[in-house]
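In the numbering used here, the protein residues as written are 4 to 366.
To start, the structure itself, in C-alpha cells.
The following block contains the structure:
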C-alpha cells in the first residue's frame, strides 16, 4: 500500500502539465474556491455595523469576526497539511469547501454572537486548509512559462502545489533565510496596515462620509473591481520589477488611508481613494506569494504554508489592533495609524531594496 501511494502521486503530478486545458480548468476551479473563501472571510467588513446592532455589541467587538478566522487559519494551515499529507488533495479541497458551506449556514441562522463566532472558527479552519493547498498549485497545474499567469488568476479571487509532506525542518530552514524573514516582515506590515483599516471602512463610510447602506455596497464593489485590476497588473510586473511593485503598492495604500479622514468626508473623494486603495492592495497577495516562492525555490510546499500562515495571522492582528484603537479613539485615528504603518513598510523596503539584498536571483 505505501508503494502504491508514493508511485501514484508522481504520476498525477507529472500528468497535469500534459493537458493545458485540464490544467487551466483546474486553475479556474481553485480560483473559484478561493473566491468563495475570501468572500466569506471579508464579508463581515460590509456588515460590521449591522451585526453589531443585531447583537448589541460595539464595532470593535464585532471586529472579532475578522480576527478569529485569521488566527485559526494560521494555526490550521501547517497542522492540516501535515496531518492530511497522504490524502488526495482534491478530496481535501472538497472537504474544506463543504466545511465553508456549513459555516455559512451556521452564520446565517446564528441566534447569538457566540454561535456567530463559532461559525467564524469553522471559516478559519477552511481558509487555512484550502488556501495552503490551493495557493501554490499553479506550478503543478500549468507549464513553467505560465506559472506567473496562473498564480495571478488564482489570486484574482483575493480582492485576497499540493502540500503533501511539509516538514518542520523545511520551515526552520526557510526562517533562517534573510529573504524569507524580510518577506515575513513586509507581509506583516502591509497586511496589518490594510486590514487594520479596511475592516472598519464600512463604519467610516456610514459615520464620516454619511453614505447610505445601499450606496456603501456600490463603493465596496468599486474597491473590489479595482483590486482585480491591481492583482493582474501586480502579477505582470512583480517578476520583472519586484521593488517597484512593492513600493508603489505600499505608497498608494499609505496615501489612501492617510487622506481618507480628510477627503473621505465627501463621496467623490471617498470613491477615488477606495479605487486607489483597492488597486494597490490587489497587487499585494500575488507579489507576496511570488516573493516567498523566490526566497525558497527548493521548498515550494513550505513556502505556501508559511505564506498562508503569515498572511492570515496578520489579518487577525490587524483587525484586532484596529478594533482596539477604534473602541478607544476614532475612525480617523484608525485610518491614520494604518497609513503610518504602510509608510513604515515602504521606508523599510526602500532601505533594503537599495542594498539589493532581499530579492533572490534576477532582482
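Each residue gets a CB set at the ideal place from its N, CA and C atoms; glycine is no exception.
Within a 10 Å sphere around the beta-carbon of residue 348 sit 16 or more other beta-carbons, which makes this residue buried. The DSSP-derived three-state label of residue 274 is helix. With a contact defined as Cβ atoms closer than 8 angstroms, residue 327 and residue 63 qualify at about 6 angstroms. One thing to note: residue 200 has its Cβ within 8 angstroms of the Cβ of residue 337. Note that the C-beta distance between residue 263 and residue 226 is not below 8 angstroms. Distance from the CA atom of residue 286 to the CA atom of residue 212, rounded to whole angstroms, is 27 angstroms. Between residue 282 and residue 204, the beta carbon gap of about 15 angstroms keeps them out of contact (Cβ cut-off 8 angstroms). Residue 214 sits away from residue 223, with the two beta carbons spaced by 8 angstroms or more.
Distance from the Cα of residue 296 is smallest, within the candidate group 116, 42, 241 and 353, for 241. According to the DSSP assignment, residue 83 belongs to the alpha helix (DSSP H) that extends over 67-86.
When the five nearest sequence neighbours on each side are left out, the beta carbons in the same chain lying within less than 7 angstroms of the beta carbon of residue 329 are those of 62, 63, 203 and 337, in order along the chain. Between residue 83 and the set 191, 127 and 117, the nearest pair of CA atoms involves 127. The C-beta distance from residue 26 to residue 133 rounds to 19 angstroms, too long to meet the 8 angstroms contact threshold. Excluding five sequence positions before and after residue 334, the CB atoms of its chain that fall closer than 7 angstroms to its own CB belong to 203, 206, 207, 210 and 211, given in chain order. The C-alpha of residue 135 lies about 35 angstroms from the C-alpha of residue 59. A residue is called buried once 16 or more other Cβ atoms fall within 10 Å of its Cβ, and residue 118, having fewer, is exposed. For residue 43, the enclosing alpha helix (DSSP H) begins and ends at 23-57.
Judged by DSSP secondary structure, residue 260 falls within the alpha helix (DSSP H) whose first and last residues are 245-266.
Taking 8 angstroms as the upper bound for CB-CB distance, residue 238 and residue 353 are not in contact here, some 22 angstroms apart. As the crow flies, the alpha-carbon of residue 101 is around 16 angstroms from that of residue 121. In the structure shown, the three-state DSSP call for residue 115 is coil. Under the 10 Å beta carbon count, residue 332 is surrounded by fewer than 16 other beta carbons and is classified as exposed. Spanning the alpha carbons of residue 346 and residue 108 requires a straight line of approximately 40 angstroms.
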